[in-house]
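See below for the structure under consideration.
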Amino acid sequence: MTGPPLRVQVGRLARRSIARTLRQPVLIVPNLVFPLFMLLVLSANGDQVTKVKGFPTHSYITFLLAATLVQGAASATTLAGNLLGSDIESGFLSRIGLTPVRGSALVAAQLAGVAVLGIGQSVLYLLVGLAAGVTVKAGIGGALVLIAVSLLFILAFGSIGLFAALRTGSAQQVQSLFAVALGLLFMSSMVMPRNLIQVDWFQTIATYNPMSYLIEAPRSLLVSGWDGEALALGCGIAAATLIVMMTVATTSLRSRMLGT
Amino acid sequence: MTAARSLSVTRGVALQCTRKLLKNPLKALPPVILPLFVFAAFSGALSAVGDTPGFGYYDFTAFLFVFILYMAAMFVGVFTAFDIAIDYASGLGARFMIAAPQRMAIVTGYVIVALGRGVVGIAVVWAIALATGMPVRGDAPEIAGIVVLALLLNVAATLYGAGIALRFQSTASSVLILIPVFMALFLTPAIVPRDRLGSWLGTLAGINPLTPPLEAGRGFLAGDPVSVVLAFALAIGLVIVFWIWAMRGMRRAEQGPGATRRRGPGRRRRPGGRRRERGGRRRRPGRRRQPGASPSPLP
């Protein structure tokens, strides 16, 4: 059985994914508003935090904006997982298994919705930040790279959500990933640079926590300018996560289809 | 007779909730774990803030502790309200209402459960804070003051959540219960003293009714009580306001899920959005009334 070319398959499924994602205000609005709320509230506490000796900037909101971008990207985990989970629960995935659609096309297209939403979300956070006094040390080019880095993170987090949905087969169980992502975010260098954390055990956790490096990549563009090492570390972790998760998600999809 | 029956309903609701918790004790963890996570994160990452000039409190962990304690107490109330939403969504709440001559006996049952859970949650947070070496300067009556304030806020959060849960009778209402409580908590001087807050947050914290209990709690912990009367008055005021809110929610619950206010004489919207005819009778599908014909007396 031969189907339409891969490009057409991905295109159609991606269009469906985008439409479904944007039709879910109940999922979108809290994911959009919660990071912004945290940004504004934490930054209002910031005058005292920036007084810590050696703090890299006088603007705490500039420092926090990177964590907000990563927090917004992390919401792609539950969003993508939720949508795929409901596809599994409603039997859509089983029905599509009867068509000649390729597994890789199906998995890749599921990320289109969160990617479109994520770009809009990142631009909104950046604009709110700029309006509130954020400066991008790396300039306009840095701002564009910031959006591109956020998109990579969104795809990486989204792929974790897809894998979780395919493993559990339930939209509800994917929701628990939100708590894991939030926990990792809090236990990272989200509110303070790693070198200024005074509590040893927390500094150790933050150093081994990959979320710290995801935050430090966009933060370098905002606070210190172009920093190849920070960008390479953050983007490398995100790219590796994306590749590994997409591979295991495609394998999980194949075994799920065989089961069907 | 009515009082005895109400008491029996209250006890029944409380026992039913407690039994559910004992069957699945893991359900009791999230409202305490989440604040402890915030405690670990902020006390770990931001401990250097305590050494900055103008901070003015004896210890940063102790400063954060009162906020975390109140957060745990209020989250326990919020999660008990989730149980109310689940019970009403599943129809159990409707059965309670048939049994109860005074409907607020049902809410009282949930409040008792929230208080019990709150005491356990408060004890856990205290134990962890003391185990990590948090210094305490207040004496026993002052510590009791912090605990009483936390329990009052626990009851206020339960009653606020009950009002929402009874109005919507759906598990989807959990977002409307949790998010405002979370936002109200963070719109206080959570991490730094009020005089060190940014302008807009300082203004909001100044009118936030949770700020005086938080500052009084910090005063108690430091052995230097401040604005105690105002804090207790506000905490008790919140309980009274949300008791009325929950009572009105119960009245709405009696009308069924999704019931809304009357919009005008004879005009009431149904949950499906279809408008009733004058007189309250709904037009049946497939039976069209002829123009000029009188409404049928048959149902």
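Here the protein sequences come in this chain order: A and B.
If you're matching positions, the first sequence starts at 150 in the numbering used here and goes up one per residue.
If you're matching positions, the second sequence starts at 132 in the numbering used here and goes up one per residue.
Virtual Cβ for every residue (Gly too), placed ideally from N, Cα, C.
query, result
"Closest residue to residue 322 of chain B among B:170, B:161, B:153 and B:164 (Cα-Cα distance)", "B:170"
"Extent of the continuous alpha helix (DSSP H) to which residue 335 of chain A belongs", "325-335"
"Alpha-carbon to alpha-carbon, residue 287 of chain B and residue 236 of chain B", "16 Å"
"Residues of its chain near residue 302 of chain B, where Cβ-Cβ distance is below 7 Å and the 5 sequence neighbours each way are ignored", "216, 217 and 220"
"Rounded separation between residue 322 of chain A and residue 283 of chain B - CA only", "34 Å"
"Residue 281 of chain B vs residue 241 of chain B beta-carbon contact at 9 Å", "no"
"Within chain B, partners of residue 285 of chain A - CB distance below 7 Å", "Per Cβ cutoff of 7 Å: no residues; residue 285 of chain A is ~21 Å from chain B at best."
"CB contact below 9 Å: residue 329 of chain A versus chain B", "no"
"Residue 154 of chain B in three-state terms, based on DSSP", "helix"
"At least 3 beta-carbon pairs within less than 8 Å: the stretch 242-256 of chain B vs the stretch 324-331 of chain B", "no"
"Whole-Å CB distance - residue 256 of chain B paired with residue 377 of chain B, under 8 Å assumed", "That belief does not hold up - the Cβ atoms of residue 256 of chain B and residue 377 of chain B are roughly 26 Å apart, past 8 Å."
"Chain-ordered chain B contacts of residue 364 of chain A [CB-CB under 9 Å]", "Result: empty, since nearest Cβ-Cβ is about 12 Å, beyond 9 Å."
"Chain A contact residues for residue 322 of chain B, given Cβ-Cβ distances below 7 Å", "194"
"Runs of alpha helix (DSSP H) lying entirely within the stretch 280-340 of chain B, each at least 4 residues, in chain order", "305-317 and 330-338"
"Boundaries of the alpha helix (DSSP H) in which residue 185 of chain A is found, first to last residue", "174-193"
"Contact check, residue 301 of chain A vs residue 384 of chain A, beta carbons under 9 Å", "yes"
"Cutoff 6 Å; reference residue 384 of chain B; Cβ partners in own chain excluding five residues on either side", "297"
"Contact set between the stretch 365-385 of chain B and chain C, restricted to residues whose Cβ is under 7 Å from the partner", "Protein chains A and B are contained in the structure displayed, whereas chain C is not."
"DSSP three-state assignment for residue 196 of chain A, whether helix, strand or coil", "helix"
"Residue 238 of chain A versus residue 393 of chain A: straight-line alpha-carbon distance, rounded", "25 Å"
"contact_flag[the stretch 334-341 of chain B, the stretch 263-276 of chain B] where n(CB pairs < 8 Å) is 3 or more", "no"
"Beta-carbon proximity of residue 218 of chain A to residue 263 of chain A, cut-off 9 Å", "no"
"Helix, strand or coil at residue 178 of chain B according to DSSP, with G and I counted as helix", "helix"
"Proximal chain A residues relative to residue 255 of chain B, where beta-carbon distance stays under 9 Å", "In chain order: nothing, as chain A lies at least about 18 Å away."
"Beta-carbon gap between residue 342 of chain B and residue 320 of chain B smaller than 9 Å", "yes"
"Own chain partners of residue 258 of chain A with C-beta closer than 6 Å, once the 5 adjacent residues on each side are dropped", "159, 162, 163 and 166"
"Nonlocal neighbours in the same chain, by C-beta distance under 7 Å from residue 173 of chain B, ignoring five residues either side", "195 and 322"
"Chain-ordered residues of the stretch 289-304 of chain B with a beta carbon less than 8 Å from chain A", "303"
"Min CB distance residue 367 of chain A to chain B below 9 Å", "no"
"Residue 387 of chain A versus A:153, A:352, A:374 and A:364, residue with shortest Cα-Cα distance", "A:364"
"Contact between the stretch 238-250 of chain A and the stretch 183-190 of chain A (3+ Cβ pairs under 8 Å)", "no"
"C-beta neighbour in chain A for residue 310 of chain B, strict 9 Å", "yes"
"Proximal chain B residues relative to residue 335 of chain A, where beta-carbon distance stays under 9 Å", "168, 169, 171, 172, 173 and 176"
"Three-state class that DSSP yields for residue 375 of chain A in the structure shown", "coil"
"Inter-residue Cα distance where the pair is residue 181 of chain B and residue 193 of chain B", "10 Å"
"Helix, strand or coil at residue 358 of chain B according to DSSP, with G and I counted as helix", "coil"
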